Each structure stands twice: as C-alpha cells, then as structure tokens.
Amino acid sequence: MITQEANLSRKISDSENLQLIESSESLYRLVTEIREFALSLRMIPISDLFEKYKRVVRDLSKELNKQVELEIIGGETELDRSVIEKISDPIVHILRNALDHGIETSEERIKKENTQPDN
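So for the sequence shown, the numbering used here puts the first residue at 446; every next one is plus one.
Have a look at this one:
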C-alpha cells in the first residue's frame with residue numbers, strides 16, 4: 446500500500462492538475478496515519494515481559510538458596526511484540542547464569558567476610 450501510494454504520488458506530482466495533487470497529498474497523510482497506527486498496535490510495554498523475570502529470579506533464588514533482589518527500571522519502554530518474543534529466552538538464560546555463577550549464598554558471603562584481614 447505504501448509503495449503503491451509513493452508510485453502514484455510521484456506520477457501525480459509530475460502532473461499540473463492541482464486537484465489531483467491535493468487528493469494525492471491527502472491520500473499520503475491517510476496512508477501514513479494507517480501505517481503508524483498499525484505499527485503502534487504491535488508495540489507493548491516491556492514491563493509485561495519483566496513480570497516473568499521476577500518470578501524466574503524468585504524461584505531460582507529459592508532453588509539455589511541465594512538472596513536476590515531484582516530491580517527493574519524502564520518498564521514503560523515499548524518494543525515490538527516480535528522483538529520481545531525473540532529476546533525473552535536469552536534474557537532468562539542471562540538471569541539464570543547470573544544467579545548461578547555470579548551471586549554467592551549467604552553462607553559464602555559470611556565466610557568471605559570472616560577471612561578478610563582487618564583494615
């Protein structure tokens with residue numbers, strides 16, 4: 446639809462018919478509005494996706510016996526639905542790795558504090 450409108454506009458702009466040119470410009474504005482509206486329908490706030498991560502972190506922290514607090518900022522940001530679907534699993538994998546390999550248990554933290562020399 447956008448391509449056809451662009452082709453038609455190009456042909457009409459070569460014309461000297463003012464009424465036809467005005468109609469073409471009106472059609473262009475309408476096509477642009479429809480396209481922007483269609484794109485906005487695909488956009489969803491990433492906070493919808495973040496709720497899943499809170500549950501994943503809570504469950505995994507219990508399973509690994511690690512105290513974890515997940516703070517999420519920017520949930521009002523919108524992304525295309527297909528992008529969110531594609532990044533969901535990789536982000537879960539990153540969170541799992543962070544909890545598994547990057548965070549110590551409470552016991553490990555206490556033990557490290559006790560082995561540190563006094564300053």
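Beta carbons are placed, not taken as given, at the ideal position from N, Cα and C, and that holds for glycine.
Computed from a predicted structure; not experimentally measured.
Worksheet item: Is the segment 482-490 touching the segment 452-470, taking contact as three or more C-beta pairs under 8 angstroms?
Response: With contact defined as three or more Cβ pairs closer than 8 angstroms, the segment 482-490 and the segment 452-470 are not in contact.
Practice prompt. Find the nearest neighbour of Ile532 within the set Asn452, Glu478, Lys497, Leu465, judged by alpha-carbon distance.
Written response: Per the Cα distances, Lys497.
Item to complete: Would you mind giving the Cβ-Cβ distance between Ile529 and Leu494, rounded to the nearest angstrom? I have them listed as a contact below 8 angstroms.
Response: Right, the Cβ-Cβ distance comes to about 5 angstroms (below 8 angstroms), so this counts as a contact.
Practice prompt. Please determine, among Ser471, Ile466, Pro490, the residue with the shortest C-alpha to C-alpha distance to Thr522.
Written response: Out of Ser471, Ile466, Pro490, Pro490 has the C-alpha closest to the C-alpha of Thr522.
Item to complete: Just the C-alpha distance for Leu544 and Glu508, rounded to the nearest angstrom, thanks.
Response: Spanning the alpha carbons of Leu544 and Glu508 requires a straight line of approximately 10 angstroms.
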